[in-house]
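Chains as they are written, first to last, in the numbering used here: chain A, 1 to 342; chain B, 1 to 342. C-beta: ideal position from N, C-alpha, C; glycine also. Computed from a prediction, not measured in an experiment: that's the story for all the values here. A short worksheet on the structure shown next.
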């Protein structure tokens, strides 16, 4: 059933009513009216996801709705800010009730968890594209920036890297992924059965990491005052770290062997492929931070409190550019990360 | 020549440097950091324009860049707010330098006029779509809303209506538009020549109205405290007025013969077609306001000071729904305006 634009807004975009923090006027006027808490700055990010580029054409509506918000939450998390209000630009080939129900269910699931209120937006006909503008706030002068790194700072990453890129392959139905290691793992029939279970679980886990990334909002917020710089890892650390180093006016050294890999990725992928995904795969939405050696224990305690692995992978030093090593030996790494125009 | 995403941002999106009002941190981090003037609320709007839906596939890059900002400025104007910061989501089939230069020239031309700084965004590959999120500010509690209308308020519109819809036909190369009235206007050869000049000028004017709408920012801002309600006319007044009336909990009566038509539209289009476009054409980006009869002269003075026609077209009254009349006789009008899903 085709629905009109205004029906769409009424039926699917209005949130189960609640007194949204700081929302003077939400959906339904020419613009939203919003009030920041006293003493704070506005933090504003915008990300687009496009069918066939950022998610598979057959991705579930639920995962697309979730993901459209998650990638923006990750930007807000990287600033150490509190998310608050979203505007959504939704371009759809047609307005299908079932698709919209799933899409908004995925969105609202994550929005409720992070207190994000949908306060406006625009819907139009066209190829499936979701642009989300997310705003939040941070106490004035306390935001984490890319440019705050200092020489001697330790570089750390949250969670594990490369999972989302592997998960995308799984979602694409890449069987060779598992088979490659399945054979290596199962010399006997009994071991095969155990390995098959482990592989199925690992595949499901990696796919979940791609479709439902968990933005590190609580950790980012509490890392203010401990970390000296932060950014989110959306294009792969090989593409993102050079930006943090350059913004800080410093060089960086990274030991690739230290990049944290999940058990699921290690079960499924050969080591060199896993490393490649960890470096350049993109879509992980973990945080990369710089922290002074003196404050590293505090950041590790915070990560522990958030139930999050935190792994030192290198350091910032005077100079420019990023040097990668593998078990101490220099390793050539393509400087670019995932780039939607390459 | 294909450019990478990061090159794009560096080369085309960074504004000629200036100390942007309230911009603590602009393009180049995970999110922008922005500071509102004291005593103000944040005003936030988002609009998408899609190739083939909101502009012709062969529209100039310059007009697309201009228009993407103009439609958002119109929303901010309708709130009586001051525009300040924009985030842009740009989806492009490919990154062509020349196209981007034209696009950003159109954007910056209008942005400079209204003091809008581009503070962030996202670029990605995909079908040509521009989503713009524009923020501004308004002194707390003074925003113009759709719901502020009172019984007895006069309904007024700025500028003229229907021009953009006619201009779209001109841009599409609709020759019959002019020919229809050309014949009526030119019984003699001498008159034909004069009429041909008038028609060419009218065609150019209408096309300009479609491609380069002028958001009524200064008027909207100064209408606060005079008008009781406002909204912008983006979908045609037949679609938009019912929203203002409903938000105000009132009925509206409109005399269609009073809808302001430009000289260009009257030269080119038969009267019934001109009226149809004025009612339902969309894309005019004029303002519809409600004002008490006592305050109408003040609003007319303001319009005069802004060099803007202001035309009373009807009034708000107790009840619900909109009643349209033509020279006093009831006139049936489709309730819906331009709807991108119909």
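Pick helix, strand or coil for residue i, following the three-state DSSP scheme.
| i | result |
| --- | --- |
| residue 131 of chain A | strand |
| residue 239 of chain B | helix |
| residue 57 of chain A | coil |
| residue 83 of chain A | strand |
| residue 29 of chain A | strand |
| residue 117 of chain A | strand |
| residue 143 of chain B | coil |
| residue 262 of chain B | coil |
| residue 66 of chain A | helix |
| residue 11 of chain A | helix |
| residue 153 of chain A | coil |
| residue 214 of chain A | coil |
| residue 198 of chain A | helix |
| residue 179 of chain A | Here the model assigns residue 179 of chain A a pLDDT of 49, short of 50, so the residue's position is not dependable and the matter cannot be decided. |
| residue 334 of chain B | coil |
| residue 174 of chain B | coil |
| residue 282 of chain B | coil |
| residue 274 of chain A | helix |
| residue 269 of chain A | coil |
| residue 76 of chain A | helix |
| residue 297 of chain B | helix |
| residue 225 of chain B | coil |
Against residue i, what residues of chain A qualify as contacts under a CB-to-CB distance less than 9 Å, listed in chain order?
| i | result |
| --- | --- |
| residue 142 of chain B | The contacting residues do not exist; residue 142 of chain B stays about 10 Å from chain A at best. |
| residue 48 of chain B | 89, 90, 91, 121, 122, 123, 124, 126, 129, 131 |
Give me the chain B residues within the contact set of residue i, using Cβ-Cβ distance strictly less than 7 Å, ordered along the chain.
| i | result |
| --- | --- |
| residue 41 of chain A | 24, 33, 34, 35 |
| residue 57 of chain A | What residue 57 of chain A touches in chain B: nothing, since even the nearest Cβ is about 12 Å away. |
DSSP puts residue i in a beta bridge; with which residues?
| i | result |
| --- | --- |
| residue 125 of chain A | A:92 |
| residue 326 of chain A | A:329 |
| residue 231 of chain B | B:288 |
| residue 253 of chain B | B:315, B:323 |
| residue 137 of chain A | A:42, A:82 |
| residue 48 of chain B | B:131 |
| residue 158 of chain A | A:310 |
| residue 23 of chain B | B:34 |
Determine the chain A residues that contact residue i at a beta-carbon separation under 8 Å, and present them in chain order.
| i | result |
| --- | --- |
| residue 119 of chain B | 44 |
| residue 221 of chain B | Going along chain A, no residue has its Cβ under 8 Å from residue 221 of chain B, so there is no contact; the nearest lies around 13 Å. |
| residue 53 of chain B | 124, 125, 126 |
Tell me, to the nearest whole angstrom, how far the beta carbon of residue i is from that of residue j; I am working on the premise that it is less than 8 Å.
| i | j | result |
| --- | --- | --- |
| residue 321 of chain B | residue 251 of chain B | 5 Å |
| residue 118 of chain B | residue 13 of chain B | 6 Å |
| residue 223 of chain A | residue 290 of chain A | About 11 Å; that fails the 8 Å criterion. |
| residue 238 of chain B | residue 280 of chain B | 5 Å |
| residue 310 of chain B | residue 162 of chain B | In fact, because the Cβ distance is near 17 Å, the residues do not count as touching under 8 Å. |
| residue 157 of chain A | residue 73 of chain A | Actually they do not touch by this definition, with Cβ atoms about 18 Å apart. |
| residue 75 of chain B | residue 31 of chain A | 5 Å |
| residue 164 of chain A | residue 102 of chain A | That pair is no contact at about 21 Å. |
| residue 316 of chain A | residue 151 of chain A | 6 Å |
| residue 90 of chain B | residue 43 of chain B | Not a contact, Cβ separation roughly 23 Å. |
| residue 71 of chain B | residue 234 of chain B | 7 Å |
| residue 166 of chain B | residue 324 of chain B | At roughly 20 Å, the Cβ-Cβ gap does not stay under 8 Å, so residue 166 of chain B and residue 324 of chain B are not in contact. |
| residue 77 of chain B | residue 217 of chain B | 4 Å |
| residue 93 of chain B | residue 114 of chain B | At roughly 29 Å, the Cβ-Cβ gap does not stay under 8 Å, so residue 93 of chain B and residue 114 of chain B are not in contact. |
Find the residues of chain B that neighbour residue i, judging by a C-beta separation of less than 9 Å, and give them in chain order.
| i | result |
| --- | --- |
| residue 283 of chain A | The premise fails here: residue 283 of chain A is roughly 13 Å from chain B at the closest Cβ pair, so nothing lies under 9 Å. |
| residue 197 of chain A | Under the 9 Å cutoff, chain B gives no residues; its nearest Cβ is about 38 Å from residue 197 of chain A. |
What in chain B is Cβ-close to residue i, meaning under 8 Å?
| i | result |
| --- | --- |
| residue 272 of chain A | In chain order: nothing, as chain B lies at least about 25 Å away. |
What in chain E is Cβ-close to residue i, meaning under 8 Å?
| i | result |
| --- | --- |
| residue 301 of chain A | Among the protein chains in the structure shown, which are A and B, there is no chain E. |
For a contact defined as C-beta to C-beta under 7 Å, what are the partners of residue i on chain A?
| i | result |
| --- | --- |
| residue 163 of chain B | Result: empty, since nearest Cβ-Cβ is about 21 Å, beyond 7 Å. |
Please list, in chain order, the residues of the stretch 130-160 of chain B that have any C-beta partner in chain A closer than 9 Å.
131, 132, 133, 134, 135, 136, 138, 140, 141, 143, 144, 145, 146, 147
Scan the stretch 75-96 of chain B for residues whose Cβ lies nearer than 9 Å to a Cβ of chain A and list them as they occur along the chain.
75, 76, 77, 78, 79, 81, 85, 87, 88, 89, 90, 91, 92, 94, 95
What are the residues in the stretch 215-240 of chain A lying within 7 Å of chain B by C-beta distance?
231, 232
Taking Cβ-Cβ distances below 9 Å as the criterion, which residues of the stretch 313-329 of chain A are in contact with chain B?
none
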